[in-house]
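What follows is a single structure, written as C-alpha cells, with notes after it.
Protein chains in written order, with my numbering: chain C, 286 to 379; chain S, 22 to 985; chain B, 674 to 905.
Take a look at the structure:
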C-alpha cells in the first residue's frame, strides 16, 4: 500500500486517506460561457503527468493538496491549500 | 527398498522421533522433519502424483515448493504440496487428480491419446455446437483438475498484522544472511525471511561432497542470531511487493504486512530443467532436488544415478551423489568441456564423463514408475542438434539434471525493477532498481559462493547508505568463469514428450504450434499454451518458454521479454487473506433498548438502526402499518441519533451556508429552522437537511444518516478554499436525537419540559433550547413525518434518559416506538421526496419540483451556474406523487418498476408503499412532463409484466384518505 | 439483555444516569457495574487477581467515564491558557496539566482534555458557557480505553497500520490514525508507573471497538480489566 504524507499528521498508509479528485480552479461563473462552464463541470484531463490532487486524511479531517505524477505515481509534495495561497511565489513557480 | 541413508550433518530430521502415516492406503514410517515427499521417496515410492493433463506418473522435480504434480490431500486440505509439507503422525494421504490410485490411474490412457490433444484443442474442438459444451465440460473438468474442494473446511482465523523494520531481507541464504548481519551491525532493525523451514539456502545442501559449508553456515547463523535487532522468520514467504516497500509475509500462522524502509532481495534462483524426451519420468529430478533430498532429509535419490548437466553445477551434484552412496553411472555434459578441477575429482572417483553429449531420451522402467536407463548421444551445442548416429544406452535408476537457473525475481519485477538479460550468465538480472530496493546473490547474477557473500555485503552497504547512514559503497560484482546457465538446454526429439512445463504437460511442439497459430508474443503464448499458468506459476518453465520462443522467432532473448509477475509468490489461502474480517459499525445509545424490544435492525451507512418493532409473529408490513397508525392517531417515538449533526460556529456561518446550500440563511432568525439542499457542481441534488439557528453565530445542521460523513467532508473542503471566519464541528456521534410525532406528541412532551409548546410560541420550523426531563436539549419542530413532530437533540449518552422519560409519561397516551422503515412510510404519506431515494445521480432540483428551495438570485452557491444552464432547457422528466386505484388488488408495483407508455419507458417508480391510514397505495414516480398534471394517469409495469394504472395527485397524500 | 435494562417502575426522571458507550458489548453475567462520573461503567469482571494478571499480559479497560472537554479554533490555545490550562507546544502532542488533566493537541488548533483520577479541569471549563470568537466548543462523547501489558503492541499491530512502538511513537506524541478501520486517537502514557496505551474513538463505535480489542486480547492471553484496577 502506498504511503502519503499528510502535511499535518505525517506519513500514513493510503488507507487513512480519501481521494478528492483533481484540484481545479473553476472559471468565473459570471463571465464564462455555458460551454466553458459545462466543460469545467463535465470534462477531466486524464492524460498522465503532474497533477494537483485533493486528498483527505480521514482520522484528522485534513484536506490537503498532493502534487502527484499520475504516470509514475510519485508524489512530489503535499501542502495545505491555505498555505499554498499564502505563498504566491510557490504558486507561480508551478 | 529403503533409500534412507546415515545421518547427514545439518539434516532437518529428528531421527529419534518416528512418524507413522498412510499414503494411498499404505502404512509408512518417517522421521520428524520429513516432508511427505522425502518420506515417500525414502520408502522407495517413486510415483507420487499424476500430471494435470495427461495423467503421467510423476515423482520429485525440485523439492522446492513447485513440485505441483505431487499434490496430496489429507481429506481436509485440498492441494497440499508434498515436497514442502511436513508429514505428521497419523496423516492419511492420497494423491489428487487420479482415478483409482496414483500407481494405476485409470485416466492415464489420456497420455496415449495425447497426440489427439494438441495445445488449443479444447478451444477449438468444443466450441461448437454450443449446446454440447456442458457435456464436454463435465468430462474435461473431471479428467483434468486438481483436488476436490472440501466444502466443510473449517473457518480458521488467521491474523493479519502490520510490522515495521528498517531493512527487510528476502531469502536467508549466504548473501541474505550476510546482508542482514551487516545491516544489523549498522544499528538498523532487520527482518530476514525465508520460505524454507530452516535458514541457509544453498549453503545447506550445495556441498560438492564436502561438509565445509556446514560450518560456514553455522558461523553465519550464529552471527545473525546474536543480533537482537534481527528477526529471522523461516517457513514464511514474501508473497508480493506493494508500493512503498510493503511486503506481506505469509506463514502458517497468518500474514504479516512488513513495511520496510529498504528491501534487499536475496531470494536466490530456481534451477531449470533441461528439456529432453521423457524428462518428466519419476526419478528424473533437478540436481538441486537431489542435493536437498540428501542433506535435508538423509535420503539417497537413486542407487545408480546419471547426471545430465549443461553447467558446472552438475559436477557438484555428482560429488554429492557419490557422498550419499549413489553410484554415479556417468556425467553427461551438453557442453564441449566442463570445469577441470571437478572433472579431475570425479575421474578420481571413477565417474565416466561424456562432454559434448546429451540425454536423447530417458527410458522408463517396464511399469513406467521409474527410469531404467538413458539414451545418450553426441550433441552439437552450437546448432542444437542431437547427433543420434552413435547413440548408446546407459542403465541407471535415476537422472539428476542441471542446466541452469532463473532468478527468483518475482518481487523485483513487481517493484518495477528494470531487468536486463545478461548473456555472460544467460539470466535476466536487475539493471535498474527502484528506490530502496537492492538485490544480492543468485537473483543478482552472482553464483560463486565467495562472491555471493561479497554481494551480500555490497547490497547491505548500499541499503545502509540509502537509509542515511555511513557505509562504504562498492562496485557491482560480476560473474567470472563459465556460465551457470546453458543458453538452450533443449534436446529436440522427433517423438516429443520433452516437457517444458510439468504443471500443464506442455512440450516443445506446443510452443511451435502456438507460434504457428499466431500466438508468438510471450503474453499471448502464455495464454494459448497455458505455460506458467499452473500452480507453480512458471517457476520451472517460464525461462525455457522464453528461450524457445526466442528461437522460434529468431530473436535475442531480451527481445522476447518476460510475462508480468503478480502477487502471490505462492498460492495463499483465502483464510489468510480474509484475516479477522472487521465490520465496523455504529450503535446509538439506545441500541440495547431497541434490541430488548424486538427491533429488527437495518444497516444505514455504518449505523445499525431499528427498522421496525414487530410483535412476536407479526409480519413486517403489519408492524410498519401499526407503528404508522400510532403516529397518525396517538404518538410515536423514533431514535434518530444516527442523523448527521454539524455545528457551524462563527461570524461567517450564514455566509458559508449560503454558498454551500441552495437557500438563504443570512436572514434566518435565531430560533428558526430552514431547509438545506446541497447540489454538486453540475446541479445534481446530493442531500438535504435542516439548519437551526441557535445564535447569530451558531447554526446546528441535521442531515440524513447515510450521506452525513461525506457532506461534512465536503464542507471541510470548501472551508479550506473559502477560508471564512468560522469553525465546523461534527457532532454526529456526540449528540443523539429523538423524534416524537403525532397528535399526542405535544402533551407528552409538555409533561417533561417547561417550554411553551403552543403553536403560537413554537410553530413548525422553529428551534428552542430547553430542558427536557432535566437534560439540556435542542428541540426542533418539524413536519417531516407528521405536523406535530418534535425532534429532541441531546448528548448521546443522555438520550436513553430522555427516551425512558418520554416512554414513561407517554404510555397512557398510546406512545409507541417506530423504526426507520416506518419513518419512510410516514414521510411518504406527508409527500416528502428523499434525496438518494427519490433522486439519483442525475436528478436536478427542477425535476423534483424543488424550485422553491433554490435561491437563484444569491451571488453564488454550489451548482448555481449549472442550474442557470439547466433552467433554460425543457424538463425531460419530473417526479410526481401518485396513488393507485382505491381498491387496487393486483400485484403491487415495487420501487424501480418502470413507467411505460406504449413501447416506451417514460419513467420509473422511486418510492411506493401501501398506507393503511390513507387506505391506498401511494408513491413517487418519474414521468414525462406531459403526465404531471393533477389527475393524469400513467402505467407502471410490475415484475410479472402486468400494467397498473397510477393517478397523479397532490401532496400531502394524507389528503387522499379514502373518506376525504 | 446486556449492559443495562430499564425498569420503568424504577425510573427516576430526576436522576440522569448515562451508560458507557461500550456497555452493549460487555457480558452482563460477569460485569460489575458502578456509577462513576454519572456514568455506568464496568469496574470489575472476573475478580481482582485475574484482572491484575491480565493487566500485565494484555488488559483492556473502558475509561469512557472520565470527563472530557473539547475545544477548537484559532484562539482555542489562548482561551485554554487564559483558563490556566497547560497546553502542549507542538501539534499532535500532549501534556499533563497539574498532573490531573491530560491535554491533547489534535493537529494545531484543536484540543481534547481528559480529567484523570482526581482531575476537575474539564468540569470547570464546561461550566464556562460564554461564547467567544474563534473558540469553538467541541462536544465529545468518546469511548476511551486503556490498553496495558506486555502483548499490547502485538494487539495494536493487528489493528493499526502505523508503527506505534516506543521507537516510533515518542512519549509525548498523539496520533490520529485508524484502528480497526475507524478513526481513533492514540498515545502512550504512564499510569502508576506502568506504561500503557490510550485509545479514543467516537462513542458510537465504542461497542464495536471493545469487542475487537477484547477478542484479540483474549486470544493473546489477556482480557477485560475493570476500571477498579485503576481507581486509586
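We put the CB at the ideal spot given by N, CA and C, even for glycine.
Here residue 718 of chain S is buried: its Cβ has 16 or more other Cβ atoms, across all protein chains shown, within 10 Å. A contact is defined here as three or more CB-CB pairs under 8 Å, and the stretch 488-504 of chain S meets this definition with respect to the stretch 462-476 of chain S.
Rounded to the nearest whole angstrom, the C-alpha separation of residue 563 of chain S and residue 477 of chain S is 27 Å. Interface with chain S (8 Å Cβ-Cβ cutoff): residue 356 of chain C is excluded.
Distance check between residue 923 of chain S and each of S:891, S:684, S:63 and S:961 places S:961 closest, using alpha-carbon atoms only. When Cβ-Cβ separations below 8 Å define contact, residue 83 of chain S makes no contact with chain C. Residue environment analysis places residue 34 of chain S among the buried positions, since at least 16 neighbouring C-beta atoms fall within 10 angstroms of its C-beta. Using a Cβ-Cβ cut-off of 8 Å, residue 162 of chain S does not count as an interface residue toward chain C, since no Cβ of chain C sits closer than that to its own. Burial state of residue 546 of chain S is buried, judged by a 10 Å Cβ sphere holding 16 or more other Cβ atoms. Nearest CB-CB separation between residue 603 of chain S and chain B: below the 8 Å threshold.
Annotation: residue 659 of chain S to residue 839 of chain S spans about 5 Å, alpha carbon to alpha carbon. The beta carbon of residue 866 of chain S does not come within 8 Å of any beta carbon belonging to chain C, so the residue lies off that interface. Listed in chain order, the beta strand (DSSP E) runs fully inside the stretch 911-945 of chain S are 919-922 and 925-936, counting runs of at least 3 residues. In terms of Cβ geometry, residue 569 of chain S and residue 529 of chain S form a close pair [threshold 8 Å].
For the C-beta of residue 342 of chain C, not a single chain S residue is nearer than 8 Å; the gap to the nearest is close to 11 Å. A residue is called buried when at least 16 other Cβ atoms come within 10 angstroms of its Cβ; residue 915 of chain S does not meet this threshold and is exposed. Scanning its chain for C-beta atoms nearer than 8 Å, with the 5 sequence neighbours on each side dropped, one finds around residue 851 of chain S the residues 804, 805, 806, 807, 976, 977, 978 and 979, in chain order. For residue 349 of chain S, the closest C-alpha among the options S:548, S:903 and S:336 is that of S:336. Assignment of beta-bridge partners to residue 483 of chain S by DSSP yields no partner. Residue 201 of chain S and residue 251 of chain S do touch by the CB rule: their CB atoms are close to 6 Å apart, below 8 Å.
The Cβ atoms of residue 253 of chain S and residue 246 of chain S lie closer than 8 Å to each other. Under the Cβ criterion of 8 Å, residue 830 of chain B is not counted among the residues facing chain C. Using a Cβ-Cβ cut-off of 8 Å, residue 849 of chain B counts as an interface residue toward chain C, since at least one Cβ of chain C sits closer than that to its own. Counting C-beta pairs with one atom in each stretch, the stretch 707-715 of chain B and the stretch 799-807 of chain B have fewer than three that are closer than 8 Å, which means they do not touch. Note that the stretch 941-951 of chain S touches the stretch 887-898 of chain S; at least 3 beta-carbon pairs, one per stretch, sit closer than 8 Å. Judged by DSSP in its simplified three-state form, residue 330 of chain S adopts strand. Around residue 326 of chain C, the beta-carbon contacts reaching into chain S at under 7 Å are 702, 703 and 887.
For residue 607 of chain S, no beta strand (DSSP E) encloses it, and the DSSP letter there is neither H nor E. Residue 75 of chain S sits buried, since 16 or more C-beta atoms from the chains shown fall within 10 Å of its C-beta. Around the Cβ of residue 170 of chain S, a 10 Å sphere holds fewer than 16 other Cβ atoms; the residue is exposed. Within 8 Å of the CB of residue 835 of chain B, the CB atoms of chain C belong to 297 and 298, in sequence order along the chain. When secondary structure is reduced to three states using DSSP, residue 730 of chain B falls in the helix class. The C-alpha of residue 227 of chain S is placed about 26 Å away from the C-alpha of residue 37 of chain S.
Under DSSP, residue 286 of chain S shares a beta bridge with S:191 and S:460. Within the stretch 688-700 of chain B, those residues whose Cβ lies closer than 8 Å to any Cβ of chain S are, in chain order, 689, 690, 691, 692, 694, 696 and 697. Between residue 699 of chain S and residue 732 of chain S, the C-beta gap is smaller than 8 Å, which places the two residues in contact.
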